[in-house]
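So the structure is just underneath, and the comments pick up after that.
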Amino acid sequence: TQLLEQSPQFLSIQEGENLTVYCNSSSVFSSLQWYRQEPGEGPVLLVTVVTGGEVKKLKRLTFQFGDARKDSSLHITAAQTGDTGLYLCAGLNYGGSQGNLIFGKGTKLSVKP
Amino acid sequence: GAVVSQHPSRVICKSGTSVKIECRSLDFQATTMFWYRQFPKKSLMLMATSNEGSKATYEQGVEKDKFLINHASLTLSTLTVTSAHPEDSSFYICSARAGWGLGEQYFGPGTRLTVT
Numbered sequence: 099t100q101l102l103e104q105s106p107q108f109l110s111i112q113e114g115e116n117l118t119v120y121c122n123s124s125s126v127f128s129s130l131q132w133y134r135q136e137p138g139e140g141p142v143l144l145v146t147v148v149t150g151g152e153v154k155k156l157k158r159l160t161f162q163f164g165d166a167r168k169d170s171s172l173h174i175t176a177a178q179t180g181d182t183g184l185y186l187c188a189g190l191n192y193g194g195s196q197g198n199l200i201f202g203k204g205t206k207l208s209v210k211p
Numbered sequence: 412g413a414v415v416s417q418h419p420s421r422v423i424c425k426s427g428t429s430v431k432i433e434c435r436s437l438d439f440q441a442t443t444m445f446w447y448r449q450f451p452k453k454s455l456m457l458m459a460t461s462n463e464g465s466k467a468t469y470e471q472g473v474e475k476d477k478f479l480i481n482h483a484s485l486t487l488s489t490l491t492v493t494s495a496h497p498e499d500s501s502f503y504i505c506s507a508r509a510g511w512g513l514g515e516q517y518f519g520p521g522t523r524l525t526v527t
């Protein structure tokens, strides 16, 4: 069974601080996706990383895929209150017939003014 | 693009009744749709994978006779919770897989089901 360990589970910081969320697995994934979810809503796709070592930037968010495609990180620079939400990483493996996403448990981020 | 809708957004039903939730891909065709369940402050739990024109594939521990899935067209999948019980109360989310790019999944806004 493939597992994605996501850490930290909870993170409460002040506006302006930096933070990093980690997603680790012993399995190799074809790609890895990061989502952000707000209460009472569905997850919204932020980015997909595919190539080992790949780095993608989305404004103040930097996503990195590990060289071995087993881990990923999300770094937020100068966090804002609008960044508050649940961040989910999800690995995709086409090895199975369905190509399902394997979700981490999520990181609940709270950015205080 | 890649918008997925769900209806209803909230539903309250009595124990023993059935509830149908619709998931639609509004601007793309999705041969595969997924149904998830999410408990408070928890991550998403995959319930089943729905392929257009064929039977759904259920994850281990999910009762297929209780959670009926129909994927009648490339833009619509339905989940029917039959004989609902209070423990079925949850947040149900569907997603649709795009046929382009890396096959990312796009999620609906979710349906909050409360069984009284």
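So the protein sequences, as listed, match chains A and B.
With positions in the first sequence counted from 1, the corresponding number in this note's numbering is that position plus 98.
With positions in the second sequence counted from 1, the corresponding number in this note's numbering is that position plus 411.
Note that CB positions come from ideal geometry on N, CA and C, so glycine has one too.
- Looking at B:His496, B:Arg435, B:Thr460, B:Phe445, the one whose alpha-carbon comes closest to that of Leu485 (chain B) is B:Arg435.
- Under the 10 Å beta carbon count, Ser501 (chain B) is surrounded by 16 or more other beta carbons and is classified as buried.
- Between the beta-carbon of Gly180 (chain A) and that of Leu207 (chain A) there is about 11 Å, and that puts the pair past the 8 Å contact cut.
- With fewer than 16 other beta carbons inside 10 angstroms of its own, Asp165 (chain A) counts as exposed.
- Boundaries of the beta strand (DSSP E) harbouring Asp169 (chain A): 169-174, taken from the DSSP string.
- Cβ contact annotation for His173 (chain A) (same chain, cutoff 6 Å, sequence separation greater than five): Thr118, Thr160, in chain order.
- Across the structure, Thr489 (chain B) and Leu479 (chain B) are spaced so that their CA atoms are roughly 8 Å apart.
- Under DSSP, Glu103 (chain A) shares a beta bridge with A:Asn122.
- A contact between stretches requires three or more CB pairs, one per stretch, nearer than 8 Å, and the region 463-472 of chain B fails this requirement with the region 414-422 of chain B.
- Scanning its chain for C-beta atoms nearer than 6 Å, with the 5 sequence neighbours on each side dropped, one finds around Pro497 (chain B) the residues Val526, in chain order.
- Residue contact check for Ser500 (chain B) against chain A: no CB pair falls below 9 Å.
- Separation of Arg508 (chain B) and Phe163 (chain A) (C-alpha to C-alpha, rounded to the nearest whole angstrom) is 22 Å.
- Here Asp499 (chain B) is buried: its Cβ has 16 or more other Cβ atoms, across all protein chains shown, within 10 Å.
- Among the residues of the region 135-147 of chain A, those with a Cβ less than 9 Å away from any Cβ of chain B are Gln135, Gly138, Glu139, Gly140, Pro141, Val142, Leu143, Thr146, in the order of the chain.
- Cβ contact annotation for Leu437 (chain B) (same chain, cutoff 8 Å, sequence separation greater than five): Val414, Val415, Ser416, Thr486, in chain order.
- Residues of chain B whose Cβ lies closer than 7 Å to the Cβ of Phe201 (chain A) are, in chain order, Ser454, Leu455.
- Burial of Arg448 (chain B) is indicated by the presence of at least 16 other C-beta atoms within 10 angstroms of its C-beta.
- Shown here, Thr428 (chain B) sits in coil according to DSSP, grouped into three states, outside any helix or strand.
- Taken through DSSP and simplified to helix, strand or coil, Thr527 (chain B) comes out as coil.
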